[in-house]
Structure formats: C-alpha cells, structure tokens
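Residues 8 to 557, numbered by our numbering, are exactly what the sequence shown covers, in order.
Okay, structure first, notes after.
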Amino acid sequence: MQKSPLQIARQGYMPKMPTALKGKVRLSEGAKTESVADHEAIQALFPNTYGMPVVSLEPSETQSVAPAINVGVILSGGQAPGGHNVISGLFDGLKRLNKDNRLYGFLGGPSGLIDGKYQELTAEIIDEYRNTGGFDIIGSGRTKLEETWQFDKGLEVCRKLGISAIVIIGGDDSNTNACVLAEYYKQKQCGIQVIGCPKTIDGDLKNSMIETSFGFDTACKVYSELIGNIQRDANSAKKYWHFIRLMGRSASHIALECALQSQPNICLISEEVEAKNMTLTDIVDEICEVIVARAEAGLNFGTVLIPEGLIEFIPAMRILIQELNDLLAANNEFASLEGDDAKREYIKQKLSKPSCELYRALPKAIAQQLTMDRDPHGNVQVSLIETEKLLIEMVSKKLAYLKANGMYSGKFATQHHFFGYEGRCAIPSNFDADYCYSLGQTAVQLIAAGKTGYMAVIRNLTAPAAEWIAGGVPITMMMNMERRNGKMKPVIQKALVDLNGAPFRYLAEHRAEWADANTSYIYPGPVQYYGPAEVCDQPTKTLLLEHPKA
Ligand code: FBP
Numbered sequence: 008m009q010k011s012p013l014q015i016a017r018q019g020y021m022p023k024m025p026t027a028l029k030g031k032v033r034l035s036e037g038a039k040t041e042s043v044a045d046h047e048a049i050q051a052l053f054p055n056t057y058g059m060p061v062v063s064l065e066p067s068e069t070q071s072v073a074p075a076i077n078v079g080v081i082l083s084g085g086q087a088p089g090g091h092n093v094i095s096g097l098f099d100g101l102k103r104l105n106k107d108n109r110l111y112g113f114l115g116g117p118s119g120l121i122d123g124k125y126q127e128l129t130a131e132i133i134d135e136y137r138n139t140g141g142f143d144i145i146g147s148g149r150t151k152l153e154e155t156w157q158f159d160k161g162l163e164v165c166r167k168l169g170i171s172a173i174v175i176i177g178g179d180d181s182n183t184n185a186c187v188l189a190e191y192y193k194q195k196q197c198g199i200q201v202i203g204c205p206k207t208i209d210g211d212l213k214n215s216m217i218e219t220s221f222g223f224d225t226a227c228k229v230y231s232e233l234i235g236n237i238q239r240d241a242n243s244a245k246k247y248w249h250f251i252r253l254m255g256r257s258a259s260h261i262a263l264e265c266a267l268q269s270q271p272n273i274c275l276i277s278e279e280v281e282a283k284n285m286t287l288t289d290i291v292d293e294i295c296e297v298i299v300a301r302a303e304a305g306l307n308f309g310t311v312l313i314p315e316g317l318i319e320f321i322p323a324m325r326i327l328i329q330e331l332n333d334l335l336a337a338n339n340e341f342a343s344l345e346g347d348d349a350k351r352e353y354i355k356q357k358l359s360k361p362s363c364e365l366y367r368a369l370p371k372a373i374a375q376q377l378t379m380d381r382d383p384h385g386n387v388q389v390s391l392i393e394t395e396k397l398l399i400e401m402v403s404k405k406l407a408y409l410k411a412n413g414m415y416s417g418k419f420a421t422q423h424h425f426f427g428y429e430g431r432c433a434i435p436s437n438f439d440a441d442y443c444y445s446l447g448q449t450a451v452q453l454i455a456a457g458k459t460g461y462m463a464v465i466r467n468l469t470a471p472a473a474e475w476i477a478g479g480v481p482i483t484m485m486m487n488m489e490r491r492n493g494k495m496k497p498v499i500q501k502a503l504v505d506l507n508g509a510p511f512r513y514l515a516e517h518r519a520e521w522a523d524a525n526t527s528y529i530y531p532g533p534v535q536y537y538g539p540a541e542v543c544d545q546p547t548k549t550l551l552l553e554h555p556k557a
C-alpha cells in the first residue's frame, strides 16, 4: 500500500505517556462509589459491580509477572481519531506484561463478538496502524450488546478463543452496555472481565471523572481549520454568508469548541435555544439582526455555525417531530397516498393546531425531509435534516421582508456546508495519539489487576502528558435511570453543553464582539504534528477552560 510522507513519519511517532505507565505499576484504591443518581435502582440492577472504588495507577518498584492471557477488543459506533492508538496501547501493554499475551480484534463492531468474527492482532498488523486515523484495523458497527442471548453467544466465542477480558471502545451507550455485560459475566462467574474506553468525537461522554472523550480534539481541530479557511475566503471575497452545520448529534460541544477556536460571527448552541424556549422565528430574527448590522457597515459576508442537533432543541419543533413520529409509525394509509401534495394535506389534517402552523411555515423540502428518512425505531433522522439550508431559506425571506420595508439594504448571497465525516478519521493529533495510547495501556493494567465493569480514564489532561493521571472508574458510578423507548433504563448520563460552564460563558461574553462589524476571525490552520509544543500539543479550548492549567 502506498503511503504519504506524513503517514510514514507518523508510524515512527512514539506517543507520550503518563510517568506512572512507563514502568512497573501498582493500583491504588479510593473510597467506595455511588451512582450519580438513582442509587437504589442502579445498585439493584448491578449487585456485583456497584459501589466499587475509583482506582489510580502509580509507579511501583515491583509488579508480579502474570500468567499469559488472551484479550478481545471491540470498536463500537462512529469513528473517532485515535481508535487505532487505543489498540496499539493495548497490544504493547499486554506484550510488556507477558510476551505470550494475545490480542484478538472482533470484526465490524459488537456483532463480531456475537457472530464469532475475529482476527488475532499481531505486531505486523499493529505496526501498520500506529498513529493512524480510522477504525479500519478491525472495523466498527452500531449493533447494541444488550440481550442475554448475545452475552451467551459472546461467552461461547470467548471460551473458544481462551479470552478472559474484553475491551469495548465506545460512547455512552456502548459503555453502558459494557457495564451490563460485565455485571452479567460476573454474576455468572464466567471469568471474563469487561473494560470500557471513552470514545466519541461528539464530546458528550464526560463528567467529573472523564475530562474528555477521545477524538473530540482532532475532529474539532480539523473542522476549525476548515472554518478558518472559509472565514479567510469570506473576508477576502466579501460576498458570501457561509452557513456551516457541524456534527455532534444532540450536544453542541463541537460547535462550541470550533467557535472558541475560530471566532465566527454567529454560533448557535442548541442547549441555549432550549433553555430560552426559542422558536425557529426567534433564531432567524437573531441571525438577521447580525446580518443587518454588518450590512450597515458595508460587510455583506459572515459565518454562522449550526450544531447538528439544533432542530430537536427547538421546543415547538420537538413537539412537531414527536407528533409526526407517532402519526407515521406503521401508517399504511399515509404510505398508500400518491404524490407529495396528498401526503402534505393528510399530515396537515392530523397535526395539532400549533404543530400544523409550524409545519406549514417550513420550506417544502424540509417539511418533506421530516416525513421521510425514518430510523429503524420509526424516528425521524434529525442528523439528515439540512438545517443550514432551512435557516438560509428562512433568513432570506425575512431579509426580503426587511428590504421591502426599508430596514435592510445589503446583499445576501450564501454558501452552505456540513462538516462531519471530514474529521472523524483524520490522523490523530498528538493529543489524541498520546491520550488514546495511554488509555490502551491503562486498560491493560486494569485487566491485570482483575478489574471488571470499569472504564479506563486519564485525567489532568491539560498538564504535560508525563503528569497525566491514569486509572479506572466504575461505570456504575456514572449511571442514572432514564426513559428510553418507553422503559426506564440504567444509562451513563450524556453531557450536554453546560450553560453555566466556562466554555459557554466565554462564548456568551465574546459573541457580540465577534458578530460585530470588526471582523475578529481566527484562522487556526491545519493540525500540526511536529514543532513547538504550543503549536502541536495544545488540548482543546474547552478542556483548557474547564480544567485550567495549574
Ligand atoms: P458516536 O456517538 O457513535 O461516536 O458517533 C458520532 C457521530 O459522528 C455523530 O456526530 C453523528 O451524528 C453520527 O456519528 C453519524 O453516524 P452515522 O454516519 O453512522 O450516521
């Protein structure tokens, strides 16, 4: 396979690690833990893995040589830069403990465990993937591991391969499932440990114990570079407003981090829209205010960042989507209607009055998207709704009205963008390469210490890597009960943008100045892998604001 010069150079990069992971290691245990909420319910569901202590890894003079073990690894969910480094950290950590240890990769995500599809990961394979982006070493998938028959099939496969520990690299749902699996195997005394690793570009798997999920750093740096480049173009050509939607599912962490890095004219935050109970019209009015003010200063260009999940956070829109989900679930009458107009009329008759008004006000193409593209659970796939186009259309209409009434005299030409896949498989930044490799090594130490139902964690991430603190957190500690598909379930709390948190407060304090006639754009440029630490090793602005350097 041909490689670029950067790919070749990165193969030789040796990730930086916390000092504690470099030599012999001992485990230090803290006090017993409790779940973040719903203690009794969570304890009842996890009698064997509830209440375990937080553990940290410390340097030691001695570490006993353990008998050889086989470990399985699974990549779960969407790609995130650094996954290959978690696996290379696992591999190196295992071989350092005992050269006869073996690592098996389950292929195509969690379904690989159930279907017994696997590959042994040898040094030759691992070396090809060190410090590379992507999940292609073993592939990923979105199959959910949540039913007993799946656990039993997984057990059969593990027994056949002599696997005594599984590492699941995934987001909040995958780690919740890792915890359920750990509990099941412990209760049945199967002798199989389960350890999780925090992955997702969305940045929504974080809490008092997890400072950030891996991949968020690289993905945000890639998107910020692109936004910066667009801003430089906008400031050069001076003729377009760019509407840029950013991946991130429900939470707006990616949009917020990119705004902190690039200082756009406008950045919408879904969590704020919900907290202020804003309507689509309110959002359009806010955008128009900035456009009109800039036009008065002769600046008919700008940038607007839009989080992927925005539409679901507009309260009236959420009700409309819910009504449409209920109305269209297995609705044969609707399915049999011929033509878009007949379908539109049918829907209008069935919706509640406020939802019907909102539906009528939507551009036809968007209204149509809301009634198509449903996921296997019958829900509309909001990530496929082109919110950037919806806003462009609605803003254009409002500006035309303002122009007709003498309140606006600018020009409004637009470009739209959606950034997501551009960043999910980028070559991991030094931060993600180091962080992920350390997570893999940490998972090995947790396995060696006999732990199960833990997530590998690295803290103190704004300090130099040598000072990072490696350890493990019981997954039950991060759980609460939530209603999912009509049933109360134990889940890891998803972190949305905290409107009282330092990153959002920074945006709120500065956005008027960024919207202003005086352009305050920052042009972050591409991710740098070689050079001074202030250029190559900086963590995200979000991390720096949430965990200021000592
Ligand atoms: P994970 O939560 O699994 O890490 O996935 C993140 C993500 O990139 C979201 O930002 C996005 O909404 C989703 O995956 C898209 O996934 P897919 O390409 O499978 O539709």
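Glycine included, each C-beta is placed from N, C-alpha and C at the ideal position.
Source: prediction; values computed, not measured.
{"Query": "Would you identify the three-state DSSP class for T288, choosing helix, strand or coil?", "Result": "helix"}
{"Query": "Hey, would you say the C-beta of K206 is under 7 Å away from at least one heavy atom of the ligand FBP?", "Result": "yes"}
{"Query": "Below 8 Å on the Cβ atoms is my contact criterion, and I expect V80 with L110 to pass it. Report the Cβ-Cβ distance as a whole number of Å.", "Result": "6 Å"}
{"Query": "Three or more C-beta pairs closer than 8 Å, one from the stretch 124-133 and one from the stretch 152-163: is that the case here?", "Result": "no"}
{"Query": "Can you check whether the CB of Q452 is closer than 8 Å to the CB of T32?", "Result": "The question names Thr, but residue 32 is Val in the sequence shown. In contact: V32 and Q452 (Cβ atoms closer than 8 Å)."}
{"Query": "Whole-angstrom Cβ separation of I354 and L369, contact assumed at under 8 Å?", "Result": "In fact, because the Cβ distance is near 11 Å, the residues do not count as touching under 8 Å."}
{"Query": "Y408 lies in the alpha helix (DSSP H); which residues open and close that run?", "Result": "T394 to A411"}
{"Query": "Could you spell out the range, first to last residue, of the beta strand (DSSP E) harbouring R518?", "Result": "From DSSP, R518 is part of no beta strand (DSSP E) but of the alpha helix (DSSP H) over A509 to A522."}
{"Query": "Ignore the nearest five residues each way along the sequence and tell me which others in D550's own chain have a CB closer than 7 Å to its CB.", "Result": "Checking the sequence, you will find Leu at residue 550 rather than Asp. The answer, listed in chain order, is E218, T219, L468 and T469."}
{"Query": "What's the call for T225, buried or exposed, on a 16-neighbour Cβ count within 10 Å?", "Result": "buried"}
{"Query": "Whole angstroms is fine: what's the gap from F511's alpha carbon to V504's?", "Result": "7 Å"}
{"Query": "Cβ of G538 versus every heavy atom of the ligand FBP: is any distance shorter than 7 Å?", "Result": "no"}
{"Query": "Does the beta-carbon of S390, which I'm using as the reference point, lie nearer than 7 Å to any heavy atom of the ligand FBP?", "Result": "yes"}
{"Query": "Kindly examine the ligand FBP and report whether one of its heavy atoms sits closer than 7 Å to the Cβ of A463.", "Result": "no"}
{"Query": "Please determine whether the Cβ atom of D209 lies at a distance below 7 Å from any heavy atom of the ligand FBP.", "Result": "yes"}
{"Query": "Report yes if the C-beta distance between G305 and W248 is below 8 Å; otherwise report no.", "Result": "no"}
{"Query": "Y447: which of P314, G100 and R466 sits nearest, CA to CA?", "Result": "For the sequence presented, residue 447 should be read as Gly rather than Tyr. Ranking P314, G100 and R466 by Cα distance to G447 puts G100 first."}
{"Query": "To the nearest angstrom, how far is the alpha carbon of S527 from that of M488?", "Result": "44 Å"}
{"Query": "How long is the line joining the alpha carbons of V280 and D347, rounded to whole angstroms?", "Result": "31 Å"}
{"Query": "Go through its chain and collect everything with a Cβ distance to L188's Cβ below 7 Å, but skip five positions before and after it.", "Result": "L152, F158 and V201"}
{"Query": "Is it buried or exposed for Y537, if we count other Cβ within 10 angstroms and need 16 for buried?", "Result": "exposed"}
{"Query": "When the distance is taken between beta carbons, is L97 closer than 8 Å to V78?", "Result": "yes"}
{"Query": "Could you tell me the alpha carbon to alpha carbon distance between T421 and V299, rounded to whole angstroms?", "Result": "15 Å"}
{"Query": "Rounding to the nearest angstrom, what Cα-Cα distance links A372 and K360 in this structure?", "Result": "21 Å"}
{"Query": "Cβ-heavy atom distance between E429 and the ligand FBP below 7 Å?", "Result": "no"}
{"Query": "Within the same chain, show all residues whose beta-carbon is closer than 8 Å to that of N236, passing over the 5 residues directly before and after it, in chain order.", "Result": "Y530"}
{"Query": "The ligand FBP heavy atoms versus the CB of G85: any closer than 7 Å?", "Result": "yes"}
{"Query": "Less than 8 Å between the C-beta atoms of C204 and V93, yes or no?", "Result": "yes"}
{"Query": "Quick check: is any heavy atom of the ligand FBP less than 7 Å from the C-beta of R491?", "Result": "no"}
{"Query": "Could you give the distance in angstroms between the alpha-carbon of T286 and the alpha-carbon of Q329?", "Result": "16 Å"}
{"Query": "For I121, which residues in the same chain have their Cβ closer than 7 Å to its Cβ, ignoring the five residues on either side in sequence?", "Result": "Q157, K160 and G161"}
{"Query": "Mapping DSSP to helix, strand and coil, what is S277?", "Result": "helix"}
{"Query": "Going by DSSP, what residue range makes up the alpha helix (DSSP H) through L1?", "Result": "Since the displayed the chain opens at 8 and closes at 557, residue 1 lies outside it and no answer follows."}
{"Query": "Take the Cβ of Q268 as the centre, count every other Cβ of all protein chains shown within 10 Å, and call the residue buried at 16 or more, exposed below.", "Result": "buried"}
{"Query": "Closer than 8 Å is the cut-off here; do at least three beta carbon pairs connect the stretch 401-411 with the stretch 49-62?", "Result": "no"}
{"Query": "Do M24 and Y366 have their C-beta atoms closer together than 8 Å?", "Result": "no"}
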